[in-house]
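Spelled out as structure tokens, the structure:
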């Protein structure tokens, strides 16, 4: 019987209550460990299509008569359009339409950052559209630009009310502590830089808008467009069969989609609006910079008694106040914790969620501070973490937590530090560091799937989700194959079209597998029960092979449907892990080389160990870039982005990859759904920066407190360590 | 517009395209060979890599009319053993950079059938993968003949 319930839903640390219709879910979890298909390495079902260049991305969509749009963007960090004349653009060859401020969502008169969209043109070719955009005549009124986040906080310029939280009495605990450490950590802005830029192709078919878009959330795009255009949701069809990466930046439609929709309406032709790489750097989101002023106090026995953090997120002109304080509040058992998190509104490009937003930055600060505390207490950093293990999330029980097991498995890697340090030779100093990982990743409802089985004994999973490159098709096929007792090559997955499948989860917040997997299993189980009933009527055993049971069906089909149930009430669903990193630092040049990363993660049941290892490697490599080389630079005078190319903005290449060892605890979360799986997209990037910085301290005695750890930053930290040593305090740990 | 004679994957084409047209755009828009991707359009990422007479070339910053030699795109390499190697090793995540990776790798193994890890890293450093598939790419190239 369908049951209406109210349940909590979490995406990237933001909770909301939602209504949900659930059916009684009779499925018990499978036993732990590898099964027939689930838990065993599987090649990606769509790998050949992608490798051979056959997969059709939004960038490859070519509709008859399609026009190309280009967008006029503000050159000023803060300005207002006083006068705009589109006529010179409309007079140019090939131009079919032009729109200005207020004529599409996202085109605004007040530009809050350099790169804000103001106007747009559609033309026969992209080159013509760009030429026309350059011809638009604009008079700007320059407004005061606020670029300093600390000053924005002083003036009370926020994108949301500051978030304050305190448990216990932090001041008293700090006063009574045997050891107190205090430090300021700073993280930079980094760019998602998915290989496929943000883009959409919009086409009106009668009164229905078809949107081909590179997105992480088909259904969110559908809703936002319907809301913005005043359309019923079913009059917006959203298609995303293959997409070239998102990392959190493609959760919503944004101005390029609204521009394409409006220009398509005005011209009666399909319109593509694709961001260029420079636009990707100025106008497509970023991980916001943070300033973290932190204190920690402990007793001499290693008990952490106080944690205190003031966090400033330099959000940009708009965006949300990411949970940078989360790790400080959740990672350790500590009675006295006080945090305040400011979302400073500054005239810089707006942030967007980027792979564990807030927690990547907050873990860098916290886990470096914990190592500084360990040094002051003369306690082993791994031991200090174990001593302060949290058994609940501020009083709420965990649905499952195997961080202690991660620490146990990390110990042999940690033990290598004596041998690694001994490798130091001349200017090259070697060291080992570690950091813990905490993040969400439990997924949630609603999410639905259908399973269709024909008389040929082949099954098709149908759901309007997206595969953002994480191997979703494969994981879903594995789950269905397991439940149906079919080999993997007899199961296909059809996804990527809101008109051709039921509602599916966002692919963000490490939620795809934990949200969609249980729905797919439920749908497959529904189909399997029908097949078993048929088997019985044919005088076959209930567990007879599917193809044998259905072979007389001809055109008849078995249709199963499944829904994702709620998360366990009154429990915290979180992911955990630990990284142990080995580095080499040239103390003369400041060069840092990450040599080895051992990653142990606790994310419940692993569906596809092969794909899971790729997620971990990818997260670590992105984390190495974040830690050592990537930085969006702004001109401090004008607020303009200086790093607008992939030459200036330095992402890791294959030559920068360390040795990576990847291990999973692989224990199903017994309280979480019929699957017991959590998400893995984000966890591997969370501890990387802190573990590298802690390894650098181990190697050199220098405290690096600012990202990226460029050579300049490394040399500055080494010089500070030498000054500290001259003052009598030993620099080396 | 100006006549362009181009041999692509063994097939000869006579086209009429504007002077200054980029090779990547001609391949994708005139010939429908969309396996060649454009990710930065300024020669920094390698997604658009094709071969000209077996040598990797960044097609997004190559003038179509300036091409002297036979062009091979990913469509011409679909039967290459590297395709299976990339699949087997999970050397693909979102897949947008992957055709360019395969084209570069095919040029590498043609010149050097048993490249070392160092040689792979040297030859492939111009192909950016934001998903970080690199360890699996290295594995695929090391084992391409298995």
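Protein chains in written order, with our numbering: chain A, 489 to 1221; chain B, 3 to 148.
Virtual Cβ for every residue (Gly too), placed ideally from N, Cα, C.
Computed from a predicted structure; not experimentally measured.
For this session: In angstroms with no decimal places, state the Cα-to-Cα distance between residue 1060/A and residue 692/A.
Result: Using only the alpha carbons, I get a separation of about 44 Å.
Exercise. So which residues on chain B does residue 1151/A lean against when the C-beta distance must stay under 7 Å?
Worked result: Scanning chain B for C-beta atoms nearer than 7 Å to the C-beta of residue 1151/A yields nothing, as the closest lies near 15 Å away.
Problem set entry | Neighbour list for residue 104/B in chain A, Cβ cutoff strictly below 9 Å | Residues of chain A whose Cβ lies closer than 9 Å to the Cβ of residue 104/B are, in chain order, 539, 540 and 541.
Problem set entry | residue 1189/A burial status per 10 Å Cβ neighbour count (16 or more: buried) | Under this definition residue 1189/A is a buried residue.
For this session: Spell out whether any CB of chain B is found under 8 Å from the CB atom of residue 1148/A.
Result: Yes, its Cβ sits closer than 8 Å to a Cβ of chain B.
Exercise. Can you name the residues that DSSP bridges to residue 800/A?
Worked result: Answer is 779/A and 830/A.
Exercise. For residue 132/B, does the three-state DSSP call read helix, strand or coil?
Worked result: Secondary structure at residue 132/B: coil, using DSSP grouped into helix, strand and coil.
Exercise. Apart from the five residues on each side of it in sequence, which residues of its chain come closer than 6 Å, Cβ to Cβ, to residue 559/A?
Worked result: Excluding sequence positions up to five before and after residue 559/A, its CB lies within less than 6 Å of the CB of 605 and 608, all in the same chain and listed in chain order.
Exercise. Is the Cβ of residue 64/B closer than 8 Å to any Cβ of chain A?
Worked result: Not a single CB atom of chain A sits nearer than 8 Å to the CB of residue 64/B.
Problem set entry | Complete alpha helix (DSSP H) runs within the segment 548 to 589 of chain A (minimum length 4 residues, chain order) | Listed in chain order, they are 575 to 578.
For this session: Could you tell me the boundaries of the alpha helix (DSSP H) in which residue 1018/A lies?
Result: Boundaries of the alpha helix (DSSP H) harbouring residue 1018/A: 1000 to 1025, taken from the DSSP string.
Exercise. Can you give the Cα-Cα distance for residue 777/A and residue 838/A, rounded to whole angstroms?
Worked result: Near 11 Å, if we compare the C-alpha coordinates of residue 838/A and residue 777/A.
Exercise. Helix, strand or coil: how does DSSP classify residue 864/A here?
Worked result: DSSP places residue 864/A in helix when its eight states are reduced to three.
Problem set entry | Under the three-state DSSP convention, the category residue 918/A falls into | Reduced to three states, the DSSP call for residue 918/A is strand.
Exercise. Among 33/B, 24/B and 53/B, which residue has its Cα nearest to the Cα of residue 40/B?
Worked result: Ranked by how close their Cα comes to the Cα of residue 40/B, the residues 33/B, 24/B and 53/B have 24/B in first place.
For this session: List the endpoints of the continuous beta strand (DSSP E) containing residue 938/A.
Result: In the DSSP assignment, residue 938/A falls within the unbroken beta strand (DSSP E) covering 936 to 941.
Exercise. Whose CA, out of 751/A, 1108/A, 991/A and 761/A, lies closest to the CA of residue 578/A?
Worked result: Taking only the C-alpha atoms, the option nearest residue 578/A is 751/A.
Exercise. Smallest Cα separation from residue 984/A: which of 1010/A, 999/A, 953/A and 961/A?
Worked result: When 1010/A, 999/A, 953/A and 961/A are compared, the shortest CA-CA separation from residue 984/A is found for 953/A.
For this session: Would you kindly work out how many angstroms separate the C-alpha atoms of residue 990/A and residue 725/A, rounded to a whole number?
Result: One C-alpha to the other measures close to 12 Å.
Exercise. When we look at the beta-carbon of residue 998/A and count the other beta-carbons within 10 Å, is it buried (16 or more) or exposed?
Worked result: Result: buried.
For this session: Compare the C-beta of residue 83/B against all C-beta atoms of chain A and say whether one is closer than 8 Å.
Result: Using a Cβ-Cβ cut-off of 8 Å, residue 83/B does not count as an interface residue toward chain A, since no Cβ of chain A sits closer than that to its own.
Problem set entry | Cβ-Cβ separation, residue 909/A to residue 771/A (assumed contact under 8 Å), whole Å | Residue 771/A to residue 909/A, Cβ: 46 Å. No contact.
For this session: Taking only beta-carbon positions, decide if residue 80/B is within less than 8 Å of chain A.
Result: Yes, residue 80/B counts as interfacial toward chain A.
Exercise. Comparing the C-beta of residue 74/B with each C-beta of chain A, is any distance below 8 Å?
Worked result: No - not a single Cβ of chain A is within 8 Å of the one on residue 74/B.
Exercise. Going along chain A in order, which residues have a C-beta closer than 7 Å to the C-beta of residue 100/B?
Worked result: Within chain A, the residues near residue 100/B are 538 and 539.
Exercise. Does the beta carbon of residue 706/A sit closer than 8 Å to a beta carbon anywhere in chain B?
Worked result: No, residue 706/A does not count as interfacial toward chain B.
Problem set entry | Secondary structure of residue 25/B, DSSP reduced to three states | Residue 25/B falls in the helix class under three-state DSSP.
For this session: May I ask you to report which of helix, strand or coil DSSP gives residue 653/A?
Result: Under the three-state reduction of DSSP output, residue 653/A falls in the strand class.
Problem set entry | Where the beta strand (DSSP E) containing residue 58/B begins and where it ends | Where residue 58/B is concerned, the enclosing beta strand (DSSP E) stretches over 57 to 60.
Exercise. Does the beta-carbon of residue 493/A have 16 or more other beta-carbons within 10 angstroms, so that it is buried, or is it exposed?
Worked result: Exposed, because fewer than 16 other Cβ atoms sit within 10 Å of the Cβ of residue 493/A.
For this session: For residue 1220/A, collect the residues of the same chain with a Cβ closer than 7 Å to its Cβ; drop the 5 residues on either side in sequence, then sort them by chain order.
Result: Residue placement at residue 1220/A is poorly supported in this model, since its pLDDT is 49, which falls under 50; the coordinates still yield a value, given next. Around residue 1220/A: 1189.
Exercise. In this structure, does DSSP put residue 707/A in helix, strand or coil?
Worked result: Helix at residue 707/A.
For this session: With 8 Å as the threshold, decide whether the Cβ of residue 852/A is near any Cβ in chain B.
Result: No, because no Cβ of chain B sits closer than 8 Å to the Cβ of residue 852/A.
Problem set entry | Same chain, Cβ closer than 7 Å to residue 819/A, five either side skipped, listed in chain order | Around residue 819/A: 854, 878, 924 and 926.
Exercise. How is residue 1077/A classed by DSSP in three states: helix, strand or coil?
Worked result: Correct three-state label for residue 1077/A: coil.
Exercise. The segment 1119 to 1135 of chain A: which residues have C-beta closer than 9 Å to a C-beta of chain B, in chain order?
Worked result: Among the residues of the segment 1119 to 1135 of chain A, those with a Cβ less than 9 Å away from any Cβ of chain B are 1133, 1134 and 1135, in the order of the chain.
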